Amino acid sequence: MISISKSLAKKYGADGVLINSVLPGLIHTAMWERAANEIAEAVGRDS
16 MISISKSLAK
26 KYGADGVLIN
36 SVLPGLIHTA
46 MWERAANEIA
56 EAVGRDS
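FYI, the numbering for the sequence shown is 16 to 62, going by the working numbering.
Right, here's the structure in full:
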(Lines of atoms letter the chains of each structure in order from A and count residues from 1; the text may use other names and numbers.)
(Lines give C-alpha, C1' and ligand atoms only; values in the text may rest on other atoms or scores of the structure.)
Protein backbone atom coordinates (compact mmCIF):
# COMPACT_ATOMS: atom_id res chain seq x y z
CA MET A 1 0.00 0.00 0.00
CA ILE A 2 2.80 2.40 0.85
CA SER A 3 4.65 1.58 -2.37
CA ILE A 4 1.65 2.25 -4.58
CA SER A 5 1.04 5.54 -2.77
CA LYS A 6 4.64 6.59 -3.37
CA SER A 7 4.42 5.60 -7.03
CA LEU A 8 1.21 7.56 -7.51
CA ALA A 9 2.69 10.57 -5.72
CA LYS A 10 5.73 10.55 -8.02
CA LYS A 11 3.55 10.16 -11.11
CA TYR A 12 0.90 12.78 -10.29
CA GLY A 13 2.70 15.07 -7.84
CA ALA A 14 3.99 17.33 -10.60
CA ASP A 15 0.35 18.03 -11.52
CA GLY A 16 -0.43 19.11 -7.96
CA VAL A 17 -2.24 15.91 -7.01
CA LEU A 18 -1.75 14.87 -3.38
CA ILE A 19 -1.82 11.17 -2.52
CA ASN A 20 -2.73 9.98 0.98
CA SER A 21 -2.90 6.54 2.54
CA VAL A 22 -4.67 5.36 5.66
CA LEU A 23 -3.37 2.10 7.07
CA PRO A 24 -5.18 1.21 10.28
CA GLY A 25 -3.42 -1.02 12.73
CA LEU A 26 -4.57 -4.36 14.03
CA ILE A 27 -7.98 -4.34 15.65
CA HIS A 28 -8.31 -6.93 18.41
CA THR A 29 -11.57 -8.77 17.86
CA ALA A 30 -12.83 -12.24 18.69
CA MET A 31 -12.02 -13.29 15.11
CA TRP A 32 -8.44 -12.07 15.50
CA GLU A 33 -8.03 -13.89 18.82
CA ARG A 34 -9.18 -17.18 17.25
CA ALA A 35 -6.81 -16.71 14.32
CA ALA A 36 -3.90 -15.83 16.64
CA ASN A 37 -4.55 -18.93 18.73
CA GLU A 38 -4.69 -21.14 15.64
CA ILE A 39 -1.42 -19.71 14.34
CA ALA A 40 0.23 -20.11 17.75
CA GLU A 41 -0.86 -23.75 17.94
CA ALA A 42 0.39 -24.40 14.41
CA VAL A 43 3.87 -23.11 15.23
CA GLY A 44 3.93 -24.50 18.77
CA ARG A 45 3.81 -21.25 20.75
CA ASP A 46 1.46 -19.42 23.11
CA SER A 47 -0.64 -16.65 21.58
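Glycine residues also receive a C-beta, built at the ideal position from the N, C-alpha and C atoms. Since this is a predicted model, take the numbers as computed values, not measurements.
query: Do Ala-24 and Ile-34 have their C-beta atoms within less than 8 Å of each other?
result: At the C-beta level, Ala-24 and Ile-34 come within 8 Å of one another.
Residues near Pro-39 by beta carbon distance below 8 Å, same chain, minus five either side: So no residue of the chain qualifies.
- prompt: Hey, would you say Ser-20 sits closer than 8 Å to Ser-36, going by beta carbons?
  reply: Taking 8 Å as the Cβ cut-off, Ser-20 and Ser-36 qualify as a contacting pair.
field: C-alpha gap between Glu-48 and Ala-55, whole angstroms
entry: If I take the Cα positions, the gap works out to 10 Å.
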